[in-house]
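Below is one structure, written out as structure tokens; the observations come after it.
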Amino acid sequence: MLSIRQTNLLIFLGCTALILAAAYMEHVMKMVPCSLCITQRAFVILTGLIALAALIHHPATTGRRAYAVFGIISALLGAAFASRQLWLQSLPADQVPACGPGLAYIFEEFPLMEAFKLLLQGDGNCAHVDKIFGMSLAFWTLAAFIGLALVNLYQAIRKA
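Each residue of the sequence shown is one higher than the last, beginning at 1 in the UniProt record's numbering.
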């Protein structure tokens, strides 16, 4: 059985592997990430950083549970965005929202809160399906977020 610190290290390394895989797909495989993909990456990074902080801090029971709850929240928020992307990908072609402007343009031209709203909604670009092992990347990301939430839940309820 892994210790609390080892489990936090496992979460951090898992998140690091996910981000490295995303970077590989973007820069080597030339898959262009949509706004929801970028949002999901942010939640993978946040979940990993929470686990890294817990690993370094190594608090007592109350602190361990607090870190785990923050990890669960981060993973579930990421899962929500992955679910939204899966929903967009399931829409018939005539119901897919129009493609929006690029990310750089959005942050240059819109007020910050409006830019975040547009980023989090997704657009027609998010309905494009890239498949790995026969399933969409959004499906695999959702599965990863569910796994991260479950491991954090285990951290929250386990006896030291």
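Each residue gets a CB set at the ideal place from its N, CA and C atoms; glycine is no exception.
query = Do you know how far the Cα of Phe139 is from the Cα of Leu86?
reply = If you number the sequence shown from 1, residue 86 lands on position 86. If you number the sequence shown from 1, residue 139 lands on position 139. Rounded to whole angstroms, Leu86 to Phe139 spans 7 angstroms at the Cα level.
message = Considering Cα atoms alone, identify which of Pro59, Cys37, Ala42, Tyr67 is closest to Ile50.
response = Locating residue 50 in the sequence shown gives position 50, where the first residue counts as 1. The candidate whose alpha carbon is nearest that of Ile50 is Tyr67.
key: Own chain partners of Cys15 with C-beta closer than 6 angstroms, once the 5 adjacent residues on each side are dropped   = Position 15 of the sequence shown, counted from the start, is the residue given in the question as residue 15. So the list reads Val44, Thr47, Gly48, once near-sequence residues are dropped.
task = Closer than 8 angstroms by C-beta to Ile146: which residues in its own chain qualify, once you throw out the five before and the five after it? Chain order, please.
result = Against the sequence shown, residue 146 aligns to sequence position 146. Closer than 8 angstroms at Cβ, skipping near neighbours: Ala75, Ala79.
message = Can you tell me whether Met135 is helix, strand or coil according to DSSP?
response = As a working mapping, residue 135 is identified with position 135 in the sequence shown. Three-state result, Met135: strand.
query = Once you ignore the five residues that flank Gln89 on each side, which residues in its own chain have a CB closer than 7 angstroms to its CB?
reply = Counted from its first residue, the sequence shown places residue 89 at position 89. Cβ-Cβ distances below 7 angstroms link Gln89 to Ala127, Val129, Ser136, Ala138 in the same chain, with the five nearest sequence neighbours on each side left out; the list follows chain order.
key: Neighbourhood of Leu153 by C-beta, 8 angstroms cutoff - its chain only, sequence neighbours within 5 removed   = To locate residue 153, count along the sequence shown from 1; it is residue 153. The beta carbon of Leu153 is closer than 8 angstroms to those of Ala68, Ile72 in its chain, skipping five residues each way along the sequence.
message = Just to confirm, is the Cβ distance from Arg84 to Leu36 under 8 angstroms?
response = Counted from its first residue, the sequence shown places residue 84 at position 84. Counted from its first residue, the sequence shown places residue 36 at position 36. Contact flag set, yes.
query = In whole angstroms, what separates the C-alpha of Leu77 from that of Thr141?
reply = Counted from its first residue, the sequence shown places residue 77 at position 77. Counted from its first residue, the sequence shown places residue 141 at position 141. Looking at the two C-alpha atoms, the distance is approximately 12 angstroms.
Nearest candidate by alpha-carbon position, reference Ile157, set Arg64, Leu9, His57, Leu13 = Taking the first residue of the sequence shown as position 1, residue 157 is located at position 157. That would be Arg64, whose Cα lies nearest to the Cα of Ile157.
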